[in-house]
Amino acid sequence: MVATLLAPRPLPLAPLVSWTILLAPLGAALLIQVVGIHRRRLSATLAIGALLTSFVCTGWVFLQALHNPAVLPFELSISWISLPGLTVPFGILMDRLSLLMTLVVTGVGSAIFIYSIGYMADDHAYSRFFGVLSLFAFSMLTIVLSNNWIELFIGWELVGCCSYLLIGHWYARPSAAEAGKKAFLVNRVADFGFFIGILALWAISSPLASERTFHFQALQERLPGLAHQGLIPLAMLPLIGLLLFCGPLGKSAQFPLHVWLPDAMEGPTPVSALIHAATMVAAGVYLLCRAFWLFEHLPSVMTTIMWVGASTAFLSACLAFVENDLKRILAYSTLSQLGYMVMALGLGGPVAGMYHLTTHAFFKALLFLAAGSVIHGTHEQDIWKLGGLLRPMPWTSGAFLIGGLALCGFPGLSGFFSKDEILVLAHERNLALYWLGTLTAGMTAFYIARAWFVAFTGKARGHPHESPPVMIGPLVLLAALSIVGGYLGIPRFLGEHGGAFHWAVAGMSLAVVAAGLVLAWLIYGKQAISAQQLVHALALPYSFLQRRYYIDEIYAWYVAVIQQKLIAGLCAWVERHVIIGLAVNGTARLTQDMGRLIRLCQTGRIQTYALAFLIGIVWLLSIPIRH
Amino acid sequence: MAWSLLSVELVVCAAILLMLAADLLVPAARRDSLWWLALGGIALAAVLLARQQPSGIGQTFQAMFLVDRFAVYFKGLFLLTAAVVIIMTREFHHHLPARVGAFYILLLTALLGMLVLASVNDLLLLFIGLEILTFSLYIMAAYLKTDARSVEAGMKYLILGSVSSGFLIYGIALLYGFCGSTSFPVIRAAIANGHAPLTAQAGLLLVLAGLGFKMAAVPFHLWVPDVYEGAPTPVVALLSVGSKMAGVVATLRLLYGVFMPLQGLWGPLLAVLSAATLLYGNLAAIPQTNIKRLLGYSSIGHAGYLLMGLSTASGSGVEAVGYYLLAYLFSNLTAFFVVVVAADAVGGDALDDYRGLSRRSGWLAAAMFIALLSLAGVPPLAGFVGKLLVLLATVESRRLWLVAIGAVNVAISLYYYLMVVKRMYLDAPRENSPIRVSPLTAGTLAFLVLGILAVGIFQEPFLQTIASALQP
Numbered sequence: 014m015v016a017t018l019l020a021p022r023p024l025p026l027a028p029l030v031s032w033t034i035l036l037a038p039l040g041a042a043l044l045i046q047v048v049g050i051h052r053r054r055l056s057a058t059l060a061i062g063a064l065l066t067s068f069v070c071t072g073w074v075f076l077q078a079l080h081n082p083a084v085l086p087f088e089l090s091i092s093w094i095s096l097p098g099l100t101v102p103f104g105i106l107m108d109r110l111s112l113l114m115t116l117v118v119t120g121v122g123s124a125i126f127i128y129s130i131g132y133m134a135d136d137h138a139y140s141r142f143f144g145v146l147s148l149f150a151f152s153m154l155t156i157v158l159s160n161n162w163i164e165l166f167i168g169w170e171l172v173g174c175c176s177y178l179l180i181g182h183w184y185a186r187p188s189a190a191e192a193g194k195k196a197f198l199v200n201r202v203a204d205f206g207f208f209i210g211i212l213a214l215w216a217i218s219s220p221l222a223s224e225r226t227f228h229f230q231a232l233q234e235r236l237p238g239l240a241h242q243g244l245i246p247l248a249m250l251p252l253i254g255l256l257l258f259c260g261p262l263g264k265s266a267q268f269p270l271h272v273w274l275p276d277a278m279e280g281p282t283p284v285s286a287l288i289h290a291a292t293m294v295a296a297g298v299y300l301l302c303r304a305f306w307l308f309e310h311l312p313s314v315m316t317t318i319m320w321v322g323a324s325t326a327f328l329s330a331c332l333a334f335v336e337n338d339l340k341r342i343l344a345y346s347t348l349s350q351l352g353y354m355v356m357a358l359g360l361g362g363p364v365a366g367m368y369h370l371t372t373h374a375f376f377k378a379l380l381f382l383a384a385g386s387v388i389h390g391t392h393e394q395d396i397w398k399l400g401g402l403l404r405p406m407p408w409t410s411g412a413f414l415i416g417g418l419a420l421c422g423f424p425g426l427s428g429f430f431s432k433d434e435i436l437v438l439a440h441e442r443n444l445a446l447y448w449l450g451t452l453t454a455g456m457t458a459f460y461i462a463r464a465w466f467v468a469f470t471g472k473a474r475g476h477p478h479e480s481p482p483v484m485i486g487p488l489v490l491l492a493a494l495s496i497v498g499g500y501l502g503i504p505r506f507l508g509e510h511g512g513a514f515h516w517a518v519a520g521m522s523l524a525v526v527a528a529g530l531v532l533a534w535l536i537y538g539k540q541a542i543s544a545q546q547l548v549h550a551l552a553l554p555y556s557f558l559q560r561r562y563y564i565d566e567i568y569a570w571y572v573a574v575i576q577q578k579l580i581a582g583l584c585a586w587v588e589r590h591v592i593i594g595l596a597v598n599g600t601a602r603l604t605q606d607m608g609r610l611i612r613l614c615q616t617g618r619i620q621t622y623a624l625a626f627l628i629g630i631v632w633l634l635s636i637p638i639r640h
Numbered sequence: 010m011a012w013s014l015l016s017v018e019l020v021v022c023a024a025i026l027l028m029l030a031a032d033l034l035v036p037a038a039r040r041d042s043l044w045w046l047a048l049g050g051i052a053l054a055a056v057l058l059a060r061q062q063p064s065g066i067g068q069t070f071q072a073m074f075l076v077d078r079f080a081v082y083f084k085g086l087f088l089l090t091a092a093v094v095i096i097m098t099r100e101f102h103h104h105l106p107a108r109v110g111a112f113y114i115l116l117l118t119a120l121l122g123m124l125v126l127a128s129v130n131d132l133l134l135l136f137i138g139l140e141i142l143t144f145s146l147y148i149m150a151a152y153l154k155t156d157a158r159s160v161e162a163g164m165k166y167l168i169l170g171s172v173s174s175g176f177l178i179y180g181i182a183l184l185y186g187f188c189g190s191t192s193f194p195v196i197r198a199a200i201a202n203g204h205a206p207l208t209a210q211a212g213l214l215l216v217l218a219g220l221g222f223k224m225a226a227v228p229f230h231l232w233v234p235d236v237y238e239g240a241p242t243p244v245v246a247l248l249s250v251g252s253k254m255a256g257v258v259a260t261l262r263l264l265y266g267v268f269m270p271l272q273g274l275w276g277p278l279l280a281v282l283s284a285a286t287l288l289y290g291n292l293a294a295i296p297q298t299n300i301k302r303l304l305g306y307s308s309i310g311h312a313g314y315l316l317m318g319l320s321t322a323s324g325s326g327v328e329a330v331g332y333y334l335l336a337y338l339f340s341n342l343t344a345f346f347v348v349v350v351a352a353d354a355v356g357g358d359a360l361d362d363y364r365g366l367s368r369r370s371g372w373l374a375a376a377m378f379i380a381l382l383s384l385a386g387v388p389p390l391a392g393f394v395g396k397l398l399v400l401l402a403t404v405e406s407r408r409l410w411l412v413a414i415g416a417v418n419v420a421i422s423l424y425y426y427l428m429v430v431k432r433m434y435l436d437a438p439r440e441n442s443p444i445r446v447s448p449l450t451a452g453t454l455a456f457l458v459l460g461i462l463a464v465g466i467f468q469e470p471f472l473q474t475i476a477s478a479l480q481p
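Chains A and B, in that order, give the protein sequences. For the first sequence, my numbering gives the first residue as 14, with consecutive numbering after it. For the second sequence, my numbering gives the first residue as 10, with consecutive numbering after it.
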């Protein structure tokens, strides 16, 4: 495969600019490891400089694309592995989808990187933090810009690795170390299925072994024809679709593999904002969009996807009701919003999903950074121990308010438009999901208003102080984006000329959101209804939610009893007696004995050596004579 | 007479003569810098070689001497090997007797022999090239006159080498007797129908035995551990990479260029030898306690993989061998370079001397680590691709039993390579003083390690170069 440019009129600078977008953060990560690990200022400068470079380059491509739509899509590809029967390219596929996602990653990422200067100022592992953050940016861009499944999977695993490293940034804290491990292991389970899916897709990509491919474009062109000719077993495609969906199931933390995301809040808050809200967890949604051409022809898989998404949206919103940790409330909210996006994909609306992904990246990063600012100023994240932050932290409170309103879909803010798009879609295609989604919207309004009223209003506790300008700046920027995100024409950029505004759907969701807000105000703002009594009255569902549907307990039981006791016990017995006793030690002993035996030939006496030579010659000469 | 075809060899000859004069004329205090002269000669030869590439395909000396892309590719590898060994020798100066110029003369002579072997198109020239190479190596192996082990190594190598040369020349005589010529084209024409009398077959087998000695194939390999242990380390590096490669190159020329019609005879034979060599080298490496002996057995193991590639009698087999040699060159030279640099600091060549090397010099240990993993065949390093290609070619030739033996030996070799790694990284060092590494050495090591990575990760450009060099 040679370097190809798909565009009819390629940009002359496109190769240079595109590779810079991808590789600048990698360069920063390596440089920080080599020269910057003990120099705080240098490492931060490198990390931020590299990501800003990527952002500016992406912006340039974006402007070119606006100016002349014909430049997109283009593809750059180098042949990476080419062995008999296995070819893997390494390249960049720049189309509208990947361009939008790259803008989000580098743009929101830059704001969060800059914010980290202030947030991490007192951290002893400042340089390591920025090094891993840069590596994360590179890995995420690898997923986004990849032009084939293997490259995507490499990025996929690398972001998982960075996520593990960053959740466990304060590894001396046992809970952080545990959370990192949990995130890694849960994703391991999911990625196992995902990778099998990728390999299966490769296996059916051609009846000829030598022409199999991982390449997105080639697969997209080839598979319909092959399926049409009946060269692919019919049961195979839905199975592959489900296996591929395992990837988003883990990375985007969908039910029932959502358990790692709330725990991941143990990491520093900028990490929660960047990785566990704006970008990495959205990679699953991005993947579904990237392979949408495959999923949309698999109705059974689509149904699964949409129900998984909808139930994640609803069930995690319920969990946010009873959570007391500010960051965990936001984590459940992230789960819930990811559920919306996945549901949108399942309903057949990649544009709606990507739209919500983008606005969600703005307002959820904003909410997390505001929460981080609160934690920075108060060293507290239990909402019941917070309060009265409006006066001492006006910027932070304002940012949280804007983010919260955008999240619950307040008219005119970005979340309103993108959520509405999904609900309109659901209204058209599946009424049950529509009602579930609308109900969830109301619940969203309730739980975010609860957090607002409890943590920000009321009596002040302690002596909170506003954060430094380097943290406030990114907040202002993201707040602006959360406000105007709905007017940027994102769906149009993705190629959908949105239908007429659906007044019924908008009105219904507004009513539900208003109800949620008012209810929260009555309980937590005006305190007309006692929260205490409410908990008493609803003791059973409350405890059920507090224990998070007992899912963690079920997993713990499975791991402790089924896996550790039964399976591991059996394996340990086989391992100890059969594998180690017989196979390993036996083989090792046999190997070592043979080594010693052979060593006997090595007498050091030259006569022996010459004799061996002679025997060899005689044996050689006997061959033609015997024939 | 097309002198330009001989330009590379002539430059090396000139460098030898210049070195001879310089060794006498340069004052003793400044002789240490003579390595520049040797390196300069190789650099000039490399430039001339690069100029031969596009047009200089041809033959001279009544078609005894052939310059084709095959020759150019392997001459490039030989020059690279010699250059690295020269830089390695610089680190070794204080062990050598005062007149270091003589050592470089021998090194260049050995190089000359290898260069001739890459161009060989006649049995007599094959013999001459082999002897130029081997005679230089005899002396170099015994170069540390006051060290009994070095003298013993030289003696053993000389005696067994002479035995092998005897069989080789006897084989050549039989082949000459069969067709009345030593020229490759004439022999090729005589056996074109696939039939050859017993004497000719015996002749071929005797020649193969002689070449097997160079490659260190079982059962002609017994000299390897003793010589590797005793000879000066740069010489061992040259033996294990240059001399082995020369043996493989000559075998390729002979079997694929001339005796292809008799592949029914030598194909199965090499397969059996390959299996024996693999098992012997890798199993015997396990109980070793000396790093040079260990690398000696490991190099026998690698000879097994090379024989496996040769035994396929197919184009993909030749390509795999070409790739394998490239990967082996980078990996093995890195390993020996570290041995040369570390030997003085850690106090010897015993494996236990390498304990805690990572704490004394992280870079040296890392270079050794990467080299050993590449030798073992761990992705994404060069050695992995080499082994993979060899095994794939063998699968193609339907010798699955040999593939199985090859795969098992990867695991065995990993064991003893990792034992070295364990000592370097997990054990505590005897002393903690950091090891100083000169900039030139550090640069060369970095180049070699990058080579291991590059050959492992970017297969495409190397594969294409090799394919175009090795396919007629």
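For every residue, glycine included, the Cβ atom is placed at its ideal position computed from N, Cα and C. Please read these numbers as outputs of a predicted model, since none were measured by experiment.
Residue i, DSSP secondary structure in three states
{"i": "Phe74/B", "result": "strand"}
{"i": "Gly415/B", "result": "helix"}
{"i": "Ser442/B", "result": "coil"}
{"i": "Val641/A", "result": "Since the first residue shown for chain A is 14 and the last is 640, residue 641/A is missing from the structure and cannot be characterised."}
{"i": "Asn299/B", "result": "strand"}
{"i": "Asp235/B", "result": "helix"}
{"i": "Val387/B", "result": "coil"}
{"i": "Val129/B", "result": "strand"}
{"i": "Ala359/B", "result": "strand"}
{"i": "Leu627/A", "result": "helix"}
Endpoints, beta strand (DSSP E) assigned at residue i
{"i": "Thr69/B", "result": "Gly67 to Thr69"}
Alpha helix (DSSP H) segment containing residue i, residue limits
{"i": "Asp353/B", "result": "Gly324 to Val355"}
{"i": "Thr260/B", "result": "Lys253 to Gly266"}
{"i": "Gly520/A", "result": "Trp516 to Ala533"}
{"i": "Asp32/B", "result": "Ser16 to Leu34"}
Presumed contact (8 Å Cβ cut-off) between residue i and residue j, rounded CB distance
{"i": "Ala196/A", "j": "Trp273/A", "result": "4 Å"}
{"i": "Ile396/A", "j": "Asn337/A", "result": "6 Å"}
{"i": "Leu116/B", "j": "Ile95/B", "result": "7 Å"}
Closer than 7 Å: residue i CB and nearest the ligand MG heavy atom
{"i": "Val202/A", "result": "Absence of the ligand MG from the depicted structure is noted, as is the absence of any ligand whatsoever, leaving it without description."}
At which residue ranges does the segment 71-145 of chain A contain complete beta strand (DSSP E) runs of 3 or more residues, listed in the order of the chain? 87-96 and 99-107
Please determine if the segment 263-278 of chain B and the segment 96-114 of chain B are in contact, where contact requires at least 3 C-beta pairs separated by less than 8 Å. no
Next on the checklist: Would the segment 420-430 of chain B count as touching the segment 382-394 of chain B if we require 3 or more Cβ pairs under 8 Å?
Outcome noted: yes
### Cβ pair count under 8 Å reaching 3, the segment 294-309 of chain A against the segment 421-433 of chain A
no
Taking 8 Å as the cut-off, does the segment 598-617 of chain A touch the segment 426-438 of chain B (at least 3 CB pairs, one atom from each stretch)? The answer is no - the segment 598-617 of chain A does not touch the segment 426-438 of chain B, with fewer than three Cβ pairs under 8 Å.
| message | So, does the segment 161-169 of chain A touch the segment 119-130 of chain A, judging by three or more C-beta pairs under 8 Å? | response | Result no; under three Cβ-Cβ pairs closer than 8 Å.
Q.
Assess contact between the segment 385-405 of chain B and the segment 318-333 of chain B, defined as three or more Cβ pairs (one per stretch) separated by less than 8 Å. Is contact present?
A. yes
Q: Would you check if the segment 173-185 of chain A and the segment 81-94 of chain A touch, i.e. whether three or more CB-CB distances between them fall below 8 Å?
A: no
May I have a chain-ordered list of the alpha helix (DSSP H) segments no shorter than 4 residues that lie completely inside the segment 295-337 of chain A? Here the runs fully enclosed are 296-303, 305-308 and 312-334.
Are three or more beta carbon pairs between the segment 279-294 of chain B and the segment 351-369 of chain B nearer than 8 Å?
no
May I ask you to verify whether the segment 137-151 of chain B touches the segment 249-263 of chain B, counting CB pairs closer than 8 Å and requiring at least 3? yes
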